[in-house]
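Written below as structure tokens is the structure these notes are about.
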Amino acid sequence: EPELYMAHKVARQVLETRQDVMFVFLLKPEGYREEYAGLAREGIRLLSTSQDEFRDYVQVADLLLAPVANLASIVTPPLTWLEFMARGIPIVTNRAPGVDAVIEDGVSGFVAADHAALGQTLLGALRSDLPAVGLAAQRHVREKYNAAGAAQAYLNLWQALANAPG
Numbered sequence: 137e138p139e140l141y142m143a144h145k146v147a148r149q150v151l152e153t154r155q156d157v158m159f160v161f162l163l164k165p166e167g168y169r170e171e172y173a174g175l176a177r178e179g180i181r182l183l184s185t186s187q188d189e190f191r192d193y194v195q196v197a198d199l200l201l202a203p204v205a206n207l208a209s210i211v212t213p214p215l216t217w218l219e220f221m222a223r224g225i226p227i228v229t230n231r232a233p234g235v236d237a238v239i240e241d242g243v244s245g246f247v248a249a250d251h252a253a254l255g256q257t258l259l260g261a262l263r264s265d266l267p268a269v270g271l272a273a274q275r276h277v278r279e280k281y282n283a284a285g286a287a288q289a290y291l292n293l294w295q296a297l298a299n300a301p302g
């Protein structure tokens, strides 16, 4: 919920400058609360979506605005980020522990220095070469987050544990 309110604030800020942008917040039915309907306004929609509807919206997305509210926690990375990046959709987020392992700022996504800079970072992302950034995001996910790499990482971990003294 803190991320939703943070993203909504960023959406309002961006819409003050760019009225040609549409923000669609997609929430799982179990996470949607009726009070969220009051957050909708011109350029901002909040929807409770099924899995199929979610996939349809992802097909037409240009960016995923995904702020990290809890800066004391390490981003591990969220599966949603990897799903969007694998589809060539860059992520816009803020600096937090672990973000740099997932997103290279300006190359495979966009990372604001802090929460206050998210709006300007998003505006910069909208002026960038989004298809090129999307391709870099796809490449990054394909190279770093694949079955062979995951299997090798687990094998290395188990071998290290088996060879550990004591």
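Here my numbering runs 136 ahead of the position in the sequence shown, where the first position is 1. Just so it is clear, CB atoms sit at the ideal spot from N, CA and C, and this is done for glycine as well.
DSSP on residue i, reduced to helix/strand/coil?
i, result
"ARG223", "coil"
"ASP111", "Absent from the structure is residue 111, since the part of the chain shown begins at 137 and ends at 302."
"ASN299", "helix"
"ARG306", "Outside the shown range of the chain, which is 137 to 302, sits residue 306, and nothing can be said about it."
"ALA284", "helix"
"ALA176", "coil"
Can you check DSSP and say which residues form a bridge with residue i?
i, result
"ILE210", "Partner(s): none; ILE210 has no beta bridge."
"THR153", "Note: THR153 sits in no beta bridge, so no partner."
"ASN230", "ALA248"
"LEU201", "VAL228"
"VAL160", "ARG181"
Does the separation of the CB atoms of residue i and residue j fall below 8 Å?
i, j, result
"ILE180", "ALA202", "no"
"LEU258", "VAL160", "no"
"LEU163", "SER184", "yes"
"VAL238", "VAL204", "no"
"ALA283", "GLY224", "no"
"THR229", "VAL247", "yes"
"VAL269", "GLY234", "no"
Below 8 Å on the Cβ atoms is my guess for residue i versus residue j; work out the distance and round it to an integer in Å.
i, j, result
"ALA197", "VAL277", "Not confirmed; about 16 Å, so no contact."
"LEU254", "VAL146", "5 Å"
"LEU182", "TYR172", "5 Å"
"ASP250", "ARG231", "6 Å"
Just checking residue i against the ligand FMN - is the residue's beta carbon closer than 7 Å to any of the ligand's heavy atoms?
i, result
"GLY224", "The ligand FMN is not part of this structure, which contains no ligands at all."
For chain D, check one thing: does any of its Cβ atoms lie closer than 8 Å to the Cβ of residue i?
i, result
"VAL238", "Considering every chain present, this structure includes no chain D. It has just one protein chain."
Should the stretch 255-262 be called in touch with the stretch 209-224, which here means at least 3 C-beta pairs below 8 Å?
Three or more beta-carbon pairs separated by less than 8 Å are not found between the stretch 255-262 and the stretch 209-224, which leaves the two stretches without contact.
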